[in-house]
Structure formats: structure tokens, C-alpha cells
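Listed in order, the protein sequences are those of chains A and B. Quick note on my numbering: the first sequence kicks off at 1 and runs consecutively. Quick note on my numbering: the second sequence kicks off at 1001 and runs consecutively.
Number of protein chains: 2
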Amino acid sequence: MAAPNQTAIDKRRVILEAAVRVFARQGFHTCRVADIADEAGVAYGLVYHYFSSKDEILDTLFQERWDAMLAAIAEADAQHPSARDKLQAIADFIIDSYRYDPDLMKVIIVEVTRAANTFGRTHLARIREAYDQIAGVVERAQAEGLFRRDIDPPFAALAFYGLVEQVLTRWIFESEPVDEQELERAKRLIVEMTCLGLER
Amino acid sequence: MAAPNQTAIDKRRVILEAAVRVFARQGFHTCRVADIADEAGVAYGLVYHYFSSKDEILDTLFQERWDAMLAAIAEADAQHPSARDKLQAIADFIIDSYRYDPDLMKVIIVEVTRAANTFGRTHLARIREAYDQIAGVVERAQAEGLFRRDIDPPFAALAFYGLVEQVLTRWIFESEPVDEQELERAKRLIVEMTCLGLER
DNA sequence: GTATTCTGACTGACCAGTCAATCAATCATC
DNA sequence: GATGATTGATTGACTGGTCAGTCAGAATAC
């Protein structure tokens, strides 16, 4: 019934999930591979059976998550007619990703998208794809006359995605978990702030 | 003529400035103390004559710069009557700090304000002071009826300061230096975007 | 019986921080 | 204005600990 190497696949997953917790708790540079093995309840050497290096573990985590991100942005773009709804769907997806697995989002943001000297550099092209897709959403909204034309789309994308990441970063720095109400409030405020600004 | 320990003070400064370049180029975790000594043209041991540890060098750089930051925000708040002008003055100061010493700003942002597991945590209280001051500016503008009241001030501060940091991060990830025109354009767009938003 | 998963002791490189020794400047005394 | 004493700056070889990655073999599955 089970796939031939069910166990193997599971162990790989167990290691990945343990790595998320360890990276989130101690940071990539500060933790040791032995910590990951311990957290996974697995022998040290097994980590190197499934991954060729410590770096490859983080690369894998990032790639899996970022693929989902880009798919969700494309989906949001295709599904909704209005630009505001598109941005809302994107914000919702990212905030919900945090709700579902805060540790993973912490690792992705802290160790990859904001790590200008290490993993951020290696994954730069892929990270930029997200910005480009959002810029596209803004550009088309401007062409339709829904958005002002004096803010250039790449800059608008920076402001929008930047705000989302900034909100997550705030939560990441906080010690206690974030409650449901705050998650929902953030979704609303992010889009409101991006579309309408502060002045009345 | 010269102060008694002129040389001493200079060497300390030389080491700090070398550290900025090395941290910016290689990152705090990746570089060795020997790299800093080499860059400063100084013997390895001298670094430990002026600083008790590698960490203390980064702490010093952060503290010096952040003090200037907080002073500039307070100054902007005191100097200008309108909230928009206050935000413009703050954005100008930070963008100009980047213009003057991009390496230092890179180090502060990448290694401290966004390093959730290491220095960001130790300097958290001081970082929050900047957010709190900006939130105060927004709060008073709301009380005066200039800003909408349905965005809470701490969130607005997150969006504003977050956008500034996001713009710097974009430049940090880029390889080529940023031209004057782009710096000035960013100053304008940051405030425009924060105050007016995207929708027309 | 063989292929794969799994184990954990081991190694080799690396690097933060120490320290004993040298050097340079100022001061104190005659 | 020479001589020695004191203080602080400067040097770089060395140490002790850490840790990523290896490997030889045991266990398990098929």
C-alpha cells in the first residue's frame, strides 16, 4: 500500500521540519548540524544521507516555500478582477502562511530574503520574481486608471511587499504568539495603507 | 600641539572604519577578526586592545549610528510644524546617511535591525524607540485632523520606517552604487506613498 | 544476499581570544 | 639635557574549543 520508500521520504521530511524549528530558535549560523539531528531524533550522519550540506537544507526550505508563494501570487492575479482584491489575496496568503507555520516564515525572511551577504544573494533572482509579479499587478491597475500613475510600479511593489514583510518581522521579534484578531487586522491594514495612505 | 593620545584615538577609529568595510563586504558571521586587522593595517592583537570582542565592534557601530538616528528624528519632530514635513525630514536624513556611508547603513540594517536571532534582539529596545517616536508624530497628526484616524499610529510607523528600510535593502542588494537622482526620487516617493497611497 | 537506510566516532580545518614580548612616548631625577 | 623608569601602544605566534563533513560498518528492508 505504502510507497516503496515511504520511510525514507518521511525521515527526510522529519529532518526538514526539525531544521525549521532549530533555525528559527537559534539562527542558521549559530546552530550546529548536531542540533538538527537531535531535534529530528536521528543520527548525525543521516542528515548527510539526505542533504549534501547544511546550506542545502536551508536552500530546500526556501525553494519549497517560495514556489508556493509565486504560485499564490499568480493565482491571486488570475482570480480577481480588481487590483485591490489581488493585493488583498496576496497579503492574505502570506499572513496565513505565517499563521500556519510561523517558524518557517521566520527562517525564510530572516535567513534568506533579508540576508544580503549569504542566501539572499544566491536566491536573489527568484526573490525578485515576486516583486516583478506584484509590480505587474500595479502597472495594469494604472493602465486601467484605478491607480495613480505617478508612483512607478516597481516602487509600489517594494512598498507593498515590504510592508507585509515588515509586519511579519515585527511579529518575529515579538516573544509571544500573535492572536487571530491581530492577524486579520493586519491583512486589512496592509491593503488599506497601501491603497489609501495616511492623509485624509 | 596634538592631544596626548591622538594616535590612540585614531587607531580605534581606523579599526572601526575597517570593520564597516569588512562587515559590509563579507558579513559579520563570515568574516574573521584577522580580516578586520588586515583591512585596518594593524596587528591582530591590537583589535583586542581597543575592543573586548568581535561583537563589541558591531555594538559600537550600531550605538553610534542609532544615537544619531534618534537625535535626527527628535530634531525633525521639533523643527517642522506639519506632519508631512516631519516625515520628509526623517526620510531625508536616513537616505542621506546612506548616501554618505552606504557600507555603514548596510551593516546596521543587515546585521542589526533585521537580525532577529542575534544583534537585533540585544538592541531591540533601542530600535523600538525610533518606531515609537514616529508613531508619536502620526498620532499627533491624527489628533490635529491631518491624518486619517482608522490606521493606528504604531502600524503607520511600521509602514513608514519599513518602507525606508526596504528601499535601502533594495539598494544594498544591488551591485552598482545608486545615483544621486535615484536617491532624491526615493525621498519624494517614500513620503508620497506613505501619505497618499496608490489609489486615485 | 544485496541494496538501502541508518549510526556515531572521528578528523581536519578554522578561528576567537590570550599573552608574553617589543617598542615608543612621556615623565622624573639629577 | 642626559639617564633611567613608567605607562600605554603594538605585535603576532599560539591555544583551546568548536563544528562541518567523512566513513566504515551495523541494521533493516526487500
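Note that CB positions come from ideal geometry on N, CA and C, so glycine has one too.
Problem - Sufficient close CB pairs (3 or more, under 8 Å) joining the region 155 to 171 of chain A to the region 180 to 194 of chain A - result: yes
Handout entry: Unbroken alpha helix (DSSP H) run spanning Ala1157/B, endpoints
Key = Residue mapping note: residue 1157/B aligns to position 157 of the second sequence, counting from 1. Unbroken alpha helix (DSSP H) run through Ala1157/B: 1153 to 1173.
Practice task
May I have a chain-ordered list of the alpha helix (DSSP H) segments no shorter than 4 residues that lie completely inside the region 1079 to 1151 of chain B?
Solution key: Every alpha helix (DSSP H) stretch that sits fully inside the region 1079 to 1151 of chain B and reaches 4 residues is listed by chain position as 1083 to 1100, 1102 to 1107, 1119 to 1122, 1124 to 1143.
Handout entry: Residues of its chain near Tyr131/A, where Cβ-Cβ distance is below 8 Å and the 5 sequence neighbours each way are ignored
Key = Stepping through the first sequence from its first residue, residue 131/A is reached at position 131. Contacts found: Pro154, Ala157, Leu158, Tyr161.
Problem - Cβ-Cβ distance between Leu1087/B and Val1020/B below 8 Å - result: Start at 1 with the first residue of the second sequence, and residue 1087/B comes out as number 87. Start at 1 with the first residue of the second sequence, and residue 1020/B comes out as number 20. The answer is no: Cβ separation not under 8 Å.
Practice task
Within the same chain, show all residues whose beta-carbon is closer than 7 Å to that of Ala1186/B, passing over the 5 residues directly before and after it, in chain order.
Solution key: Position 186 of the second sequence, counted from the first residue, corresponds to residue 1186/B. Cβ neighbours of Ala1186/B beyond the five flanking positions: Ile1095, Val1167.
Handout entry: Neighbour-count burial assignment, Asn5/A, 16 or more Cβ in a 10 Å radius
Key = Here residue 5/A refers to the residue found at position 5 when the first sequence is read from its first residue. Below a pLDDT of 50, predicted positions are generally treated as unreliable, and Asn5/A, at 48, falls in that range; the measurement from the model is reported next regardless. Looking at its Cβ environment, which holds fewer than 16 other Cβ atoms inside 10 Å, Asn5/A is exposed.
Practice task
Look at the alpha carbon of His29/A and the alpha carbon of Val1033/B, and state the distance between them as a whole number of angstroms.
Solution key: Along the first sequence, one-based indexing puts residue 29/A at 29. Along the second sequence, one-based indexing puts residue 1033/B at 33. Taking the straight line from one Cα to the other gives about 17 Å.
Problem - Residue from Pro81/A, Val14/A, Ile108/A whose Cα sits closest to the Cα of Glu67/A - result: Position 67 of the first sequence, counting from 1, holds the residue named residue 67/A. Note on residue identity: the sequence assigns Asp, not Glu, to residue 67/A. Minimum Cα distance to Asp67/A is reached at Ile108/A.
Problem - Three or more C-beta pairs below 8 Å linking the region 37 to 48 of chain A and the region 73 to 80 of chain A - result: no
Exercise for the section: Output yes if chain B places a C-beta closer than 8 Å to the C-beta of Gln26/A; else output no. Expected result: Stepping through the first sequence from its first residue, residue 26/A is reached at position 26. Output row for Gln26/A: interface = yes.
Practice task
May I have the straight-line CA-CA distance separating Ala43/A from Asp59/A, to the nearest angstrom?
Solution key: Here residue 43/A is taken as the residue at index 43 of the first sequence, counted from 1. Here residue 59/A is taken as the residue at index 59 of the first sequence, counted from 1. Straight-line Cα distance between these residues: approximately 21 Å.
Practice task
Locate the alpha helix (DSSP H) running through Asp38/A, then write down its first and last residues.
Solution key: Taking the first residue of the first sequence as 1, we reach residue 38/A at position 38. Asp38/A -> alpha helix (DSSP H) spans 33 to 40.
Problem - Length of the line joining the Cα atoms of Leu70/A and Lys106/A - result: Start at 1 with the first residue of the first sequence, and residue 70/A comes out as number 70. Start at 1 with the first residue of the first sequence, and residue 106/A comes out as number 106. Cα-Cα distance, rounded: 18 Å.
Problem - 8 Å CB neighbourhood of Gly1120/B in its chain, flanking five on each side removed - result: As a working note, residue 1120/B is residue 120 in the second sequence. The answer, listed in chain order, is Val1112, Thr1113, Arg1114, Ile1127.
Problem - Residue from Ile1015/B, Cys1031/B, Arg1170/B whose Cα sits closest to the Cα of Gly1045/B - result: Working through the second sequence from its first residue, we reach residue 1045/B at position 45. Ranking Ile1015/B, Cys1031/B, Arg1170/B by CA distance to the CA of Gly1045/B puts Ile1015/B first.
Exercise for the section: Let me know if Ala18/A comes out buried or exposed under the rule of 16 or more other beta-carbons within 10 Å of its beta-carbon. Expected result: As a first step, residue 18/A is located in the first sequence; it is residue number 18 there, counting from the start. Ala18/A comes out buried.
Exercise for the section: Let me know the secondary structure DSSP gives Ala2/A once reduced to three states. Expected result: Indexing the first sequence from 1 puts residue 2/A at position 2. Note on Ala2/A: pLDDT 31, under 50, position unreliable in the model; the coordinate value appears next. In this structure, Ala2/A counts as coil in the three-state DSSP scheme.
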